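Reading through the structure tokens given below for one structure.
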Amino acid sequence: MTADKSGAEKDQQMNTVIDGLSAEVVQALVDKGEGFAAIARRFGYTRQYVQQFAARNGISLPKTPRRMVGEEFPWKVPSAMQRTPPYRRMRDHGEFMATGGEGMSDEKKSRLRSWYAMLRKYNYVLEFDPKLPPTVGVSPAGGFAYRPREERDGKKLLIRLNEHTRLTSDGKKIWVFPPKDP
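If you count by the numbering used here, then the sequence shown holds residues 1 to 182, one letter each, in order.
This is the structure we're talking about:
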């Protein structure tokens, strides 16, 4: 007869092995390029659960260009506003600046070209303020507005700096018009 495991041992086992999901399995899948969402789908968990499980076990995803740019994103945008066209163009722009368009779909690149053309034609910058109301044709969830470029915006910056903006030295190289459009 074997002795029952103590509560601490059971907790430790639960934190490292759950229904085939172990730290070793997660690490192997991450090493093969799978993200937490894909691992979660494979094992029937949520992405958040797998992410927390990985963090408890010292596992993190490699820094992809898109993840690195995400860390430089200039605003904290509520999830409801992350499905808006301005937010998506900013994410796509960041990915383009990080990868030069490598691996991006033709559709994303086409939308970026149109976005850059609109910003240039009307001499606009994109402003974010979570208190901005929804605007038809811009942001159905609010938060974003296109503003006429002012001298303080400079010639290359895509965004308006305000109290909601965090622009790092790396961000100053990202959130500008690209040297060459996609």
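Glycine included, C-beta positions come from ideal geometry on N, C-alpha and C. Since the model is a prediction, treat every value here as computed from it, not as a measurement.
Can you give me the Cβ contacts of residue 66 inside the same chain, cut-off strictly under 6 Å, excluding the 5 residues immediately before and after it? 95
Answer yes or no: do residue 92 and residue 119 have a C-beta to C-beta separation smaller than 8 Å? no
Taking only three categories from DSSP, how would you classify residue 141? coil
Does residue 14 come out as helix, strand or coil in the three-state DSSP assignment? At residue 14, the pLDDT of 41 sits below 50, so the modelled position is not reliable and the matter cannot be decided from this model.
Assign residue 177 to one of three DSSP states: helix, strand, or coil. coil
Interface flag, residue 29 vs chain C, CB-CB below 8 Å: Considering every chain present, this structure includes no chain C. It has just one protein chain.
Measuring only the C-alpha atoms, how far is residue 135 from residue 77? 16 Å
I need the DSSP call for residue 112, collapsed to helix, strand or coil. helix
Taking just the CA atoms, how far does residue 162 sit from residue 169? 16 Å
According to DSSP, residue 135 sits in a beta bridge with which residue or residues? 139
Rounded Cβ spacing between residue 182 and residue 101 (contact assumed at less than 8 Å): 5 Å
Using CA coordinates, which residue listed in 58, 82, 125, 150 is at the minimum distance from residue 143? 82
Secondary structure at residue 159, three-state DSSP: helix, strand or coil? strand
Our contact map puts residue 62 next to residue 167 with C-beta atoms below 8 Å; I'd like the distance itself, whole angstroms only. With a Cβ gap of about 26 Å, residue 62 and residue 167 do not count as contacting.
Hey, quick one: how far does the beta strand (DSSP E) through residue 125 stretch, first residue to last? 124 to 128
With H, G and I counted as helix, E and B as strand and the rest as coil, what does DSSP make of residue 67? helix
Starting from the Cα of residue 125, find the closest Cα among 104, 141, 176 and give me that residue. 176
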